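Below is one structure, written out as structure tokens; the observations come after it.
Residue numbers (the numbering used here): 9 to 189.
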């Protein structure tokens, strides 16, 4: 179930036991924007089902806040423009070269390229993994990017944080809301 912060901002709560982070939805008059697409195809689909229950403009953008697998592996499920900062883009490029069959996943875990929970989630929640390949982000920004959703501005800024070196925050000025990971 989506939690409502305001008439235009919603979020799907995290589920620690399933490595599912909090996902955000910001709605303007013309478009909606997703903040993080989730940890898998299934996580993204669950989020989409919740969004469909609302009467909101179509999702045009997906912003990835940073390149930890649980925040971006669901991006293929959205028919939307994916936005990342340049550092996040470089990490996603590495994941685009991965193979997602069982033996490859086990190799990545054994070489510390991926943790065992990530492998477990991929196996359970990404069907048809033999042909799975992450799509490329369409918009890559350096420091800041402002998006107009139609009477709703969303400002993206690359920052350093204690959680990750490639963090992006999403700030919605008229609501005084910040999505930060």
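Where a beta carbon is used, it is the ideal one built from N, C-alpha and C, also for glycine. The model shown is predicted, which means the values in this text are computed figures rather than measured ones.
Practice task
Could you say if the region 76-93 and the region 112-119 meet the contact criterion of at least three C-beta pairs nearer than 8 Å?
Solution key: No contact exists between the region 76-93 and the region 112-119.
Handout entry: Those residues which DSSP pairs with residue 64 across a bridge
Key = Along the chain shown, one-based indexing puts residue 64 at 56. Paired residues: none, contrary to the question.
Exercise for the section: Work out the CA separation of residue 39 and residue 1 for me, nearest whole Å. Expected result: Nothing about residue 1 can be reported from this structure: the residues present for the chain run from 9 to 189 only.
Exercise for the section: Quick one: residues in its chain with C-beta nearer than 6 Å to the C-beta of residue 14, no 5 flanking neighbours on either side, listed in chain order? Expected result: Looking up residue 14 in the chain shown gives position 6. Excluding positions up to five away in sequence, the list reads 183.
Practice task
Would you identify the three-state DSSP class for residue 118, choosing helix, strand or coil?
Solution key: Position 110 of the chain shown, counting from 1, holds the residue named residue 118. Residue state, collapsed to three classes: helix.
Problem - Continuous alpha helix (DSSP H) stretch holding residue 182: start and end - result: If you number the chain shown from 1, residue 182 lands on position 174. Counting along the chain, residue 182 falls outside any alpha helix (DSSP H), and DSSP gives it neither H nor E.
Problem - Alpha carbon of residue 140 to alpha carbon of residue 49, nearest angstrom - result: Here the question's residue 140 lines up with position 132 in the chain shown. Here the question's residue 49 lines up with position 41 in the chain shown. The alpha-carbon atoms of residue 140 and residue 49 are separated by roughly 10 Å.
Problem - C-beta contact flag for residue 67 and residue 162 at 8 Å - result: In the chain shown, counting from the first residue as 1, residue 67 sits at position 59. In the chain shown, counting from the first residue as 1, residue 162 sits at position 154. Not in contact: residue 67 and residue 162 (Cβ atoms no closer than 8 Å).
Exercise for the section: Rounded to whole angstroms, what's the CA-CA distance from residue 165 to residue 151? Just pull it up for me. Expected result: For the purposes of this step, residue 165 is identified with residue 157 of the chain shown, where counting begins at 1. For the purposes of this step, residue 151 is identified with residue 143 of the chain shown, where counting begins at 1. Residue 165 and residue 151 have their C-alpha atoms spaced approximately 6 Å apart.
Practice task
Can you have a look at residue 174 and say buried or exposed, based on whether 16 or more other CB atoms are within 10 angstroms of its CB?
Solution key: Locating residue 174 in the chain shown gives position 166, where the first residue counts as 1. Its Cβ being crowded by 16 or more others within 10 Å, residue 174 is buried.
Problem - Range covered by the beta strand (DSSP E) that runs through residue 188 - result: Sequence index remark: in the chain shown, residue 188 carries index 180 (1-based). Per DSSP, residue 188 belongs to no beta strand (DSSP E) and is neither H nor E.
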